[in-house]
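Numbering (my numbering), first residue to last: 785 to 1208. Notes follow once the structure below has been shown.
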């Protein structure tokens, strides 16, 4: 999106440099990266990144200041997954944006989803650094947001994850972490912060406190949990934890589990229908409302093109069907038919939304043709601090789905990073 930088990178790219970069990333993480890394970063103006970062923060604050929304979202937390000791605000936030072409011909961001859950803060720094080092990107290009540099970035990560606790008493907890594709991020984080990575199923309750065993087998109390265990995965794999998650444990959470539900795709219908809805949010309704409570009329009033109803075969080419609490694009259906919608049991329809489909603009010139980008803004919000955008994460793709799992058999697509001219 900055033509001279794009053309210079493409001109100087070589497969050998790309291979060297992959090796540098693996060494920097301490484990092989088990998803596709794109050959290129993207180059865009700081004003566009700031626009997205500001929109994500504004939307989050509007949700936190809406008691009716928070009450409704709280009621959507599945039984057994409401955890005591909820923090006053989420510690982590991600906001994903598509770039679309407006009627006026300009590029504009549109919200894909927003989620109060940690992302790959450690890995993304390694990736950005590898692009910079291997491809000798000029120092005039920045990557951090929020007026941060490498030192202040990691200080903010540490402050958010550790709180005021000794790293020995903080753990990163995930389900089967050694076999997650995000393991490289866990290892970077553990090394930088001095914390242990543990399987959430291995936590040992003693009274009202959790404990874990360190590398020497010593049982240590846990004062704070950096939670990376995704509730949707626990439910999908029918995992039974050896303790009651809903018990009022004497522990702090960095990334309290309730926020995974409280700020999620559940928020998008609320954000798109607010009296002063931000134009960055595409129109969306809950499936239950679309089928029974005027949701279709709401989409039509928002100028979403819908076909006349013609029975079960009616196909909604401009809608996406999304489960509210899935991750990594799981369960998303393009162009659902009315029969697809009706096939979801009535008592489960409140767990889905219908969202206007956004046509990602292909903006990245590559040797394999124009490629589209989804840009994620990563935020940190430490105790006693402010919600701060810290780093952009990028996914490049040429298909319907943008996740790294959906672009394995192509080139110049996958996980990527963003750089901007500092003079912006």
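Every residue, glycine too, gets a C-beta built ideally from N, C-alpha and C.
What beta strand (DSSP E) runs, 3 residues minimum, are completely inside the segment 1043 to 1120? 1068 to 1070 and 1103 to 1107
In this structure, does DSSP put residue 865 in helix, strand or coil? coil
Exposed or buried, which one is residue 798 when buried takes at least 16 other CB atoms within 10 Å? exposed
request  = State the DSSP-derived secondary structure class of residue 1165, mapped to helix, strand or coil.
outcome  = coil
Practice task
Would you identify the three-state DSSP class for residue 1200, choosing helix, strand or coil?
Solution key: strand
Checking the sheet assignment: what are the DSSP bridge partners for residue 1038?
1010
Is the distance from the Cβ of residue 992 to the Cβ of residue 907 below 8 Å?
no
Notebook entry, point to check: So what does residue 1140 bridge to, in DSSP terms?
Noted result: 1103
- Who are residue 993's beta bridge partners in DSSP? 990
| Cross-strand partners of residue 793 (DSSP beta bridge) | Bridge partners of residue 793: none, in fact.
Quick check on the DSSP output: what are the complete beta strand (DSSP E) runs of length 3 or more inside the segment 802 to 882, in order along the chain? none
Check: Roughly how many angstroms separate the alpha carbons of residue 1001 and residue 862, rounded to a whole number?
Finding: 35 Å
- Message: Comparing C-alpha positions only, which one of 1174, 1206 and 1200 sits nearest to residue 915?
- Response: 1200
Check your understanding: Which class does residue 961 belong to by DSSP, given the choice of helix, strand or coil?
Key -> helix
Review point. If you check the beta carbons only, do residue 975 and residue 840 fall under 8 Å apart?
Key: no
Q: Look up residue 975 in the DSSP assignment and say whether it is helix, strand or coil.
A: helix
So within the segment 877 to 939, which uninterrupted beta strand (DSSP E) runs reach at least 3 residues, ignoring any that extend past its ends?
891 to 899
Within 8 Å, do at least three Cβ pairs link the segment 895 to 910 to the segment 876 to 887?
yes
Exercise. Helix or strand or just coil, what does DSSP make of residue 1160?
Worked result: strand
Inset, instruction - For residue 944, collect the residues of the same chain with a Cβ closer than 6 Å to its Cβ; drop the 5 residues on either side in sequence, then sort them by chain order. - result: 875, 1164 and 1166
Residue 1027 beta carbon less than 8 Å from that of residue 962
no
Residue 1106: buried (16+ other C-beta within 10 angstroms of its C-beta) or exposed?
buried
How many angstroms separate the CA atom of residue 979 from the CA atom of residue 843?
-> 32 Å
Can you tell me whether residue 1023 is helix, strand or coil according to DSSP? coil
- Message: Measuring alpha carbon to alpha carbon, tell me which residue in 851, 966 and 847 is nearest residue 810.
- Response: 966
Quiz item: So, do the segment 918 to 932 and the segment 1168 to 1184 have three or more beta carbon pairs nearer to each other than 8 Å?
Solution: yes
Under DSSP, the alpha helix (DSSP H) around residue 1209 begins and ends at which residues? The shown model of the chain, from 785 to 1208, leaves out residue 1209, and the question about it has no answer.
Query raised in the report: What are the residues that DSSP puts in a beta bridge with residue 788?
Result: Beta-bridge pairing links residue 788 to no other residue.
- With DSSP collapsed to three states, give me the class of residue 1155. strand
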